[in-house]
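Peer 1: Just so we're aligned: the sequence shown equals residues 0 to 86 in our numbering.
Glycine included, each C-beta is placed from N, C-alpha and C at the ideal position.
These numbers come from a predicted model, not from an experiment.
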Amino acid sequence: MIEAGVPGYEAYTFSLILGPAGMPQEVIDTLDKASARPWPDPATIKFLEGNAAIPTPDTTPERTAQFIKDELAKWAPIIRDANVRIA
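1) Compare the beta carbon distance of I16 and Y8 with 8 Å and say whether it is the shorter of the two.
2) Given this structure, state the Cα-to-Cα distance separating L47 from R36, to the nearest angstrom.
3) Could you check whether D31 and T59 sit closer than 8 Å to each other, using their CB atoms as the reference points?
4) In the DSSP assignment, find the unbroken alpha helix (DSSP H) run with R79 in it and report its ends.
5) Grab me the residues of P19's own chain with a C-beta within less than 6 Å of its C-beta, minus the 5 sequence neighbours each way, in chain order.
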């Protein structure tokens, strides 16, 4: 996009494991532990990087919650200002 004359353009996707509000901490801890299992395997990192993904093996439930808050803070004003509506 920079080459097309749009400076500062940013676009990305992300994948998260989420659950309903009020999920018991024991369930959160179990999901967190299970989702961390593939990270020590270098093949996992190589596979993700080979698919243009940026692996984040050091994430935590708290870091994920902060990421979501940060994304909402960044994009909500842009969506409001653009008057975007879901049909």
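Peer 2: Let me lay it out:
1) The residue labelled residue 16 in the question sits at position 17 within the sequence shown. The residue labelled residue 8 in the question sits at position 9 within the sequence shown. No.
2) Numbered from 1 along the sequence shown, position 48 holds the residue referred to as residue 47. Numbered from 1 along the sequence shown, position 37 holds the residue referred to as residue 36. Rounded to whole angstroms, L47 to R36 spans 15 Å at the Cα level.
3) The sequence position of residue 59 within the sequence shown is 60, counting from 1. The sequence position of residue 31 within the sequence shown is 32, counting from 1. Yes; because the gap between Cβ atoms is below 8 Å, this pair is in contact.
4) To locate residue 79, count along the sequence shown from 1; it is residue 80. From DSSP, the alpha helix (DSSP H) with R79 extends over 60-80.
5) Looking up residue 19 in the sequence shown gives position 20. Nothing listed; no residue qualifies.
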